[in-house]
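Each residue of the first sequence is one higher than the one before, starting from 362 at the first, in our numbering. Just below is one structure, and these are the notes that go with it.
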Amino acid sequence: MLDIQTLRNDIQGAAKRLESRKFSLDVAFFQGLEAERKTVQTRTQELQARRNAASKAIGMKKAKGEDASDILAEVASLGDELKENEARLDEIQGKLQAFLLSIPNFPHDSVPFGQSEADNVEVRRWGQPKHRDFEVKDHVALGEGLSMLDFETAVKISGARFSLMKGEIARLHRALGQFMLDLHTSEHGYVEVYVPYMVNAESLRGTGQLPKFEEDLFSVSNGYYLIPTAEVPVTNIVRDEILSPESLPIKYVAHTPCFRSEAGSYGRDVRGMIRQHQFDKVELVQIVHPEKSYEALDSLLGHAEEVLRRLDLPYRVVSLCSGDMGFSAAKTYDIEVWLPAQKAYREISSCSNFEAFQARRMQARYKTESGRNELVHTLNGSGLAVGRTLVAILENNQEADGSVIIPEVLRPYMGGMEKIA
RNA sequence: GGAGAGGUGGCAGAGUGGUCGAAUGUACCUGACUCGAAAUCAGGCGUAGGCGCAAGUCUACCGAGGGUUCGAAUCCCUCCCUCUCCGCCA
Numbered sequence: 362m363l364d365i366q367t368l369r370n371d372i373q374g375a376a377k378r379l380e381s382r383k384f385s386l387d388v389a390f391f392q393g394l395e396a397e398r399k400t401v402q403t404r405t406q407e408l409q410a411r412r413n414a415a416s417k418a419i420g421m422k423k424a425k426g427e428d429a430s431d432i433l434a435e436v437a438s439l440g441d442e443l444k445e446n447e448a449r450l451d452e453i454q455g456k457l458q459a460f461l462l463s464i465p466n467f468p469h470d471s472v473p474f475g476q477s478e479a480d481n482v483e484v485r486r487w488g489q490p491k492h493r494d495f496e497v498k499d500h501v502a503l504g505e506g507l508s509m510l511d512f513e514t515a516v517k518i519s520g521a522r523f524s525l526m527k528g529e530i531a532r533l534h535r536a537l538g539q540f541m542l543d544l545h546t547s548e549h550g551y552v553e554v555y556v557p558y559m560v561n562a563e564s565l566r567g568t569g570q571l572p573k574f575e576e577d578l579f580s581v582s583n584g585y586y587l588i589p590t591a592e593v594p595v596t597n598i599v600r601d602e603i604l605s606p607e608s609l610p611i612k613y614v615a616h617t618p619c620f621r622s623e624a625g626s627y628g629r630d631v632r633g634m635i636r637q638h639q640f641d642k643v644e645l646v647q648i649v650h651p652e653k654s655y656e657a658l659d660s661l662l663g664h665a666e667e668v669l670r671r672l673d674l675p676y677r678v679v680s681l682c683s684g685d686m687g688f689s690a691a692k693t694y695d696i697e698v699w700l701p702a703q704k705a706y707r708e709i710s711s712c713s714n715f716e717a718f719q720a721r722r723m724q725a726r727y728k729t730e731s732g733r734n735e736l737v738h739t740l741n742g743s744g745l746a747v748g749r750t751l752v753a754i755l756e757n758n759q760e761a762d763g764s765v766i767i768p769e770v771l772r773p774y775m776g777g778m779e780k781i782a
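This is how it looks when you write it as structure tokens:
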């Protein structure tokens with residue numbers, strides 16, 4: 362959520378900044394609503410003040426045993442107008458709030474301008490795709506060849522966009538989650554957290570999934586939603602909190618399943634494990650001092666990259682352009698891993714600085730030295746998407762005979778095994 | 001799931017229709033005393049928002065939402081949460 366003050370002060374400037382992300386701000390609507398709000402709020406508060414003063418006077422008179430019927434009659438006439446104004450003010454505030462909740466974040470000045478994925482800017486590459494003198498298989502062919510990936514059965518059990526892993530691939534998947542958690546906790550300074558996989562609507566509003574993106578979520582009974590990412594429960598740890606400045610930065614890492622309905626993505630990546638209704642992800646979250654959030658973004662990105670380096674998987678980092686960034690982000694780097702079967706780099710992590718956008722929705726603040734409450738900045742990034750990392754290992758480490766070499770760092774988690782065959 | 005108790009400021013805790021945004025204690029900040037500290041004394045000390053150049057002033061908030069009333073922390077309704085006992089359960 363943007364600060365309503367910035368809209369009040371410079372609505373045209375705001376509209377301009379949002380244009381770059383293909384959002385057109387309804388300036389006239391806002392100005393009209395604000396003008397109305399001002400009149401109605403001023404009038405309402407004036408009436409409330411009069412009523413309060415009169416009621417107080419009645420109380421004082423009654424306490425002295427005097428008759429108060431004259432004031433009583435006077436205040437009675439306020440009732441209707443006050444009620445009407447209060448109701449109108451409520452309605453206007455509600456509309457204003459809904460309007461604010463529907464506006465995406467401002468892109469940071471360093472974000473490249475562009476319309477789509479095609480305009481994202483490559484920042485760096487790491488590693489070399491291996492040269493192969495055999496026909497590379499995709500992970501589906503490899504996994505089915507090993508009888509360790511079984512999409513047909515997954516369809517029977519649940520439906521499309523679910524997967525079933527068995528044997529060493531299931532174990533490799535587990536090993537990956539363990540390895541990532543261990544790396545981030547023991548070397549990158551994150552505190553491991555275990556969080557609920559079902560959350561309430563307030564949490565989703567806090568991180569920005571609601572109210573606009575309900576169709577991407579799975580909801581269950583009792584008003585709960587399955588988490589689309591650990592970002593939601595983890596970031597909301599600080600919702601409605603006033604943190605002490607010494608407690609910053611807060612760095613959390615969580616390994617959770619993620620559930621996405623992916624409405625509107627029909628036809629994309631239908632084959633294999635790339636786009637699933639359920640997938641595992643290790644998520645990095647940082648809650649930081651507002652002046653340090655871009656430093657923090659660089660370090661968080663580095664933490665995610667380190668996973669790929671240790672696994673020896675070639676990747677590149679791209680800076681998302683204004684038109685391709687998510688709703689809540691001020692700046693986002695994607696990490697894309699090389700998938701030889703697709704002969705392309707594919708997203709495996711997304712690292713974003715949300716600045717105060719989520720913090721404002723969540724009322725997540727810290728107390729400054731001077732005792733003022735200021736919004737924190739929030740960041741998160743995948744470190745990494747476990748399913749896609751598994752896909753990358755299968756495809757990058759395959760041998761001509763369809764076996765897969767296990768990355769060295771994972772072997773301790775695999776009982777010393779070197780190869781899946 | 002059944003029965004009971006309860007949710008008030010950072011914490012503890014009073015307040016059951018009127019001058020209550022809320023006593024008191026404690027924590028914290030400032031000042032005095034002190035060479036310094038402790039103790040003591042004085043003052044300050046919640047959050048969000050409106051109007052205003054500012055000083056300031058007004059409004060809302062006592063788990064959440066509605067209602068009754070001139071007036072609600074206090075009465076009524078719905079929901080949420082916590083605790084105790086019983087049952088069930090990984």
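Glycine included, each C-beta is placed from N, C-alpha and C at the ideal position. The model shown is predicted, which means the values in this text are computed figures rather than measured ones.
| query | result |
| --- | --- |
| Tyr551 burial status per 10 Å Cβ neighbour count (16 or more: buried) | buried |
| Member of Gly488, Thr739 and Pro618 whose CA lies at the smallest distance from the CA of Tyr706 | Gly488 |
| Best match in Thr617, Ala615 and Ala702 for proximity to Met630 [C-alpha to C-alpha] | In the sequence under discussion, the amino acid at residue 630 is Asp, which differs from the Met named in the question. The candidate whose alpha carbon is nearest that of Asp630 is Ala702. |
| 8 Å CB neighbourhood of Arg721 in its chain, flanking five on each side removed | Met362, Leu363, Asp364 and Leu736 |
| Other residues of its chain near Met723: CB distance less than 6 Å, five sequence neighbours each side excluded | Gly567 and Arg600 |
| Simplified DSSP state of Glu735, which is helix, strand or coil | strand |
| Distance CB(Leu672)-CB(Cys712) smaller than 7 Å | no |
| Those runs of the alpha helix (DSSP H) which lie wholly inside the stretch 478-547 and span at least 4 residues | 500-506, 512-518 and 528-547 |
| Supposed close pair Gly744, Val679 - CB separation, criterion 8 Å | With 8 Å as the limit, Gly744 and Val679 do not qualify as a contact, their Cβ atoms being about 17 Å apart. |
| Buried/exposed call for Ser605, threshold 16 Cβ in 10 Å | exposed |
| Inter-residue Cα distance where the pair is Gln539 and Leu533 | 10 Å |
| Own chain partners of Lys527 with C-beta closer than 8 Å, once the 5 adjacent residues on each side are dropped | Ser508, Met509, Leu510 and Asp511 |
| Contacting residues, own chain, Cβ-Cβ under 6 Å from Asn758 (five flanking each side not counted) | Val765 and Ile766 |
| Cβ neighbour criterion (16 or more within 10 Å) applied to His492 | exposed |
| Among Met634, Thr590 and Pro594, nearest to Pro618 - alpha-carbon criterion | Thr590 |
| Beta-carbon gap between His500 and Val747 smaller than 7 Å | no |
| 4 or more residues per run - each alpha helix (DSSP H) lying fully within the stretch 620-696 | 654-672 |
| Beta-carbon separation (whole angstroms), Arg677 vs Arg486, contact threshold 8 Å | 4 Å |
| Val401 - DSSP class collapsed to helix/strand/coil | helix |
| Ala376, enclosing alpha helix (DSSP H) - first and last residue | Ile372 to Glu380 |
| Cβ contact check for the stretch 397-410 and the stretch 437-456: 3 or more pairs under 8 Å | yes |
| Close Cβ partners of Ser381 (< 7 Å) along its chain, the five nearest in sequence each way excluded | Pro468, Phe474 and Ser683 |
| Simplified DSSP assignment, three categories, for Gly455 | helix |
| C-alpha distance - Met634 paired with Leu450, whole-angstrom precision | 50 Å |
| Proximity below 7 Å, CB of Ser328 to CB of Asn714 | Residue 328 is absent from the model: the chain starts at 362 and stops at 782. |
| Euclidean distance between Cα positions of Lys383 and Glu478 | 13 Å |
| Which of helix, strand or coil DSSP assigns to Glu730 | coil |
| Start and end residues, beta strand (DSSP E) containing Ser710 | Ala705 to Glu716 |
| Rounded separation between Asn741 and Trp699 - CA only | 22 Å |
| Glu716 versus Ser564 - alpha carbon distance | 17 Å |
| 8 Å contact criterion, which Val484 and Tyr694 should meet: CB distance rounded | 7 Å |
| Endpoints, the alpha helix (DSSP H) within which Ser430 is located | Ser430 to Ala437 |
| Alpha-carbon to alpha-carbon, Pro594 and Tyr586 | 11 Å |
| Contact check, Phe620 vs Phe574, beta carbons under 7 Å | no |
| Alpha helix (DSSP H) segment containing Glu575, residue limits | No alpha helix (DSSP H) holds Glu575; DSSP gives it neither H nor E. |
| Reduced DSSP category for Ser608 - H, G, I as helix; E, B as strand; rest coil | helix |
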